[in-house]
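**Student:** This is the structure I want to talk about, given as structure tokens.
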Amino acid sequence: MVKFEQIKGFVFDLDGVIADTSIYHGKAWHQLADELGVTWTEQLGNDLKGVSRMDSLELILKTGGKENDYTLEEKEKYAAEKNTNYLNLLKDMDQSAILPGMADFIRSLEEHDYKLSLASASKNSPLVLEQLGLAQYFKNRIDPSTLKHGKPDPEIFARGAEVLGLKPEECIGLEDASAGVKSINGAGELSVGIGDPEILHEADINFTDTSQVTLDNIKKAMDVMEMS
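Just so we're on the same page, this note's numbering is the position in the sequence shown counted from 1, plus 932.
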């Protein structure tokens, strides 16, 4: 069992962990689903969280029984259209979109000399971080276009530790989606799930919301794990 003192780095998802950009993603996918004639549901919106753009499009098409209706070129056009919708929605985003407590948590990590990296499937994460005023904390980012596999494959979180020059067991990964928690666990990192503990039951540590995510609370949770 890894001890708190052995942790040297934190690997962050972006959507739903640092900021609630999932709202903007959801609206943009909803717009596209309507255009494609696929019925939008809350379940479909949840299933898309933490999933790459093309995989999300495939899931929407499969939900509507349309997975074989379009060529790859057409699918790429629709994925690009969704991204344009998303970027238009993002124009109004500012620091008020940072989830409760996360700005303080990120600052506290820097103050305690932890290394930080971003493991987001979103190609727009640099833009989002700039608008949130947090880009300076995440100089280490994974370029999603260089990945061969999307979440729940462990590749992105494994790379998140690699870019920090750390072993996976020296890192904690933070996620709000089940696919992301699976990715963290598969990479051999300690997983912190933020959200419904029933949905994120595979996480090593659960917090119901971001305001609970502090170094002290993570240490307490790890101490309890060590004793059990």
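C-beta atoms are modelled at their ideal positions from N, C-alpha and C, and glycine is treated no differently.
In this text the structure is predicted, and so the values were computed from the model without any measurement.
Once DSSP output is grouped into helix, strand and coil, what is the label at Phe1089?
**Tutor:** Helix at Phe1089.
**Student:** What are the start and end residues of each continuous alpha helix (DSSP H) run of 4 or more residues lying completely inside the region 1052-1130, in chain order?
**Tutor:** Entirely contained in the region 1052-1130, the alpha helix (DSSP H) runs reaching 4 residues are, in chain order, 1057-1064, 1087-1094, 1110-1119.
**Student:** May I ask you to verify whether the region 934-948 touches the region 997-1016, counting CB pairs closer than 8 Å and requiring at least 3?
**Tutor:** As far as the Cβ criterion goes, the region 934-948 does not touch the region 997-1016, which means the pair count is below three.
**Student:** For Lys1014 versus Val970, is the C-beta distance shorter than 8 Å?
**Tutor:** No; because the gap between Cβ atoms is not below 8 Å, this pair is not in contact.
**Student:** Quick one: is Gly1105 buried, meaning 16 or more other Cβ sit within 10 Å of its Cβ, or exposed?
**Tutor:** With 16 or more Cβ atoms within 10 Å of its Cβ, Gly1105 is classed as buried.
**Student:** Do Cys1103 and Gly941 have their C-beta atoms within less than 8 Å of each other?
**Tutor:** Yes, the Cβ-Cβ distance between Cys1103 and Gly941 is below 8 Å.
**Student:** Using alpha carbons as the reference points, say which of Lys994, Asp979, Lys1055, Ser1077 lies closest to Tyr1018.
**Tutor:** When each option's Cα is compared against that of Tyr1018, the closest is Lys1055.
**Student:** Are there 16 or more other CB atoms within 10 angstroms of the CB of Met1162, so buried, or fewer, so exposed?
**Tutor:** As shown, the chain starts at 933 and ends at 1160. That puts residue 1162 outside it, with no answer to give.
**Student:** Considering only their Cβ atoms, is the gap separating Val1145 from Ala1135 smaller than 8 Å?
**Tutor:** Contact flag unset, no.
**Student:** So the beta strand (DSSP E) Val943 belongs to, where does it begin and stop?
**Tutor:** It spans 941-944 - the beta strand (DSSP E) in which Val943 sits, taken as one unbroken run.
**Student:** Might you give, ordered along the chain, the residues of its own chain that have their beta carbon closer than 8 Å to the beta carbon of Gln938, omitting 5 neighbours on each side?
**Tutor:** Closer than 8 Å at the Cβ level, and outside the excluded window around Gln938, lie Glu1101, Glu1102.
**Student:** Please list, in chain order, all residues of the same chain as Gly1065 whose beta carbon is under 7 Å from its beta carbon, the five residues on each side excluded.
**Tutor:** Within the same chain, Gly1065 has close Cβ partners Gln1027.
**Student:** Is the distance from the Cβ of Phe936 to the Cβ of Lys1071 below 8 Å?
**Tutor:** No, these two residues do not count as a Cβ contact at 8 Å.
**Student:** Taking three-plus beta-carbon pairs below 8 Å as touching, is the region 1027-1039 in contact with the region 957-977?
**Tutor:** With the cut-off at 8 Å, the region 1027-1039 and the region 957-977 do not touch.
**Student:** Measuring alpha carbon to alpha carbon, tell me which residue in Ala1093, Ile1116, Gly1112, Asn1117 is nearest Asn978.
**Tutor:** Checking every option, the nearest Cα to that of Asn978 belongs to Gly1112.
**Student:** Just checking, does the region 1077-1093 make contact with the region 1044-1060 on the three C-beta pairs under 8 Å criterion?
**Tutor:** The answer is yes - the region 1044-1060 touches the region 1077-1093, with three or more Cβ pairs under 8 Å.
**Student:** CB-CB under 6 Å to Asp1108, same chain, minus the five flanking residues each way: which ones, in chain order?
**Tutor:** Hits under 6 Å: Gly948, Val949, Ile1126, Gly1127.
**Student:** Let me check understanding here. Comparing Cα to Cα, which of Lys1099, Leu989, Ala951 lies closest to His962?
**Tutor:** Closest by alpha carbon: Leu989.
**Student:** Kindly provide the ranges of any alpha helix (DSSP H) runs that are 4 or more residues long and lie completely inside the region 937-1022, ordered along the chain.
**Tutor:** Segments of the alpha helix (DSSP H) lying fully in the region 937-1022: 954-968, 974-979, 985-995, 1004-1022.
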